[in-house]
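With our numbering, the residue at position 38 of the sequence shown is 50, and numbering never jumps.
Notes follow once the structure below has been shown.
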Amino acid sequence: KETMSLADSLYNLQLIQEFCQEYLNQCCHFTLEDMLYAASSIKSNYLVFMAELFWWFEVVKPSFVQPRVVRPQGAEPVKDTPSIPVLNAAKRNVLDSSSDFPSSGEGATFTQSHHHLPSRYSRPQAHSSASG
13 KETMSLADSL YNLQLIQEFC QEYLNQCCHF TLEDMLYAAS SIKSNYLVFM
63 AELFWWFEVV KPSFVQPRVV RPQGAEPVKD TPSIPVLNAA KRNVLDSSSD
113 FPSSGEGATF TQSHHHLPSR YSRPQAHSSA SG
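Here you go:
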């Protein structure tokens with residue numbers, strides 16, 4: 013399916029909005045309609061924001077990020093649950109769209125040191141002492 017239905021789009025945007033309200037100190041001040049009908053320049057900002065979340069949760073994996081295990085009432089706790097990368101499909105979409113951006117020539121791999129986020133997240137480069 014190439015395009016999402018309006019209902020699917022609203023549902024996904026609602027999930028993002030709820031996540032921001034619950035875990036990111038209510039940083040999303042837009043309504044669902046604002047996000048759905050935003051100008052393309054603003055939509056690009058949403059995509060970068062989501063890509064950064066994916067990078068933090070799936071690549072960096074800080075110790076405080078733990079998968080949520082939902083158990084039915086009365087069920088015993090699951091032991092040794094493997095970490096399931098929920099966002100792999102989304103990462104693939106981000107990687108597929110990375111061909112729109114200039115490449116450093118090192119391939120389109122998604123690793124900690126070579127990810128497709130703004131340059132402020134790349135490793136600091138040594139500056140030459142000669143200023144021009």
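Glycine included, C-beta positions come from ideal geometry on N, C-alpha and C.
- Three or more pairs of CB atoms, one per stretch, sit closer than 8 Å, so the segment 46-61 contacts the segment 19-32.
- Out of P74, S53, D20, the CA that lies nearest to the CA of L44 is found in D20.
- Within the model, the alpha-carbon separation for T15 versus V82 is close to 30 Å.
- N37 and L18 have their alpha carbons spaced roughly 27 Å apart.
- Our two residues, S75 and W67, have alpha carbons roughly 14 Å apart in a direct line.
- Note on geometry: alpha-carbon atoms of F42 and S56 lie some 15 Å from one another.
- Straight through space, the alpha carbons of L48 and L22 are spaced by roughly 7 Å.
- Taken in chain order, the segment 36-64 contains no complete beta strand (DSSP E) segment of 3 residues or longer.
- The residues C32, in chain order, have a CB closer than 7 Å to that of C39 in the same chain once the five nearest residues on each side in sequence are set aside.
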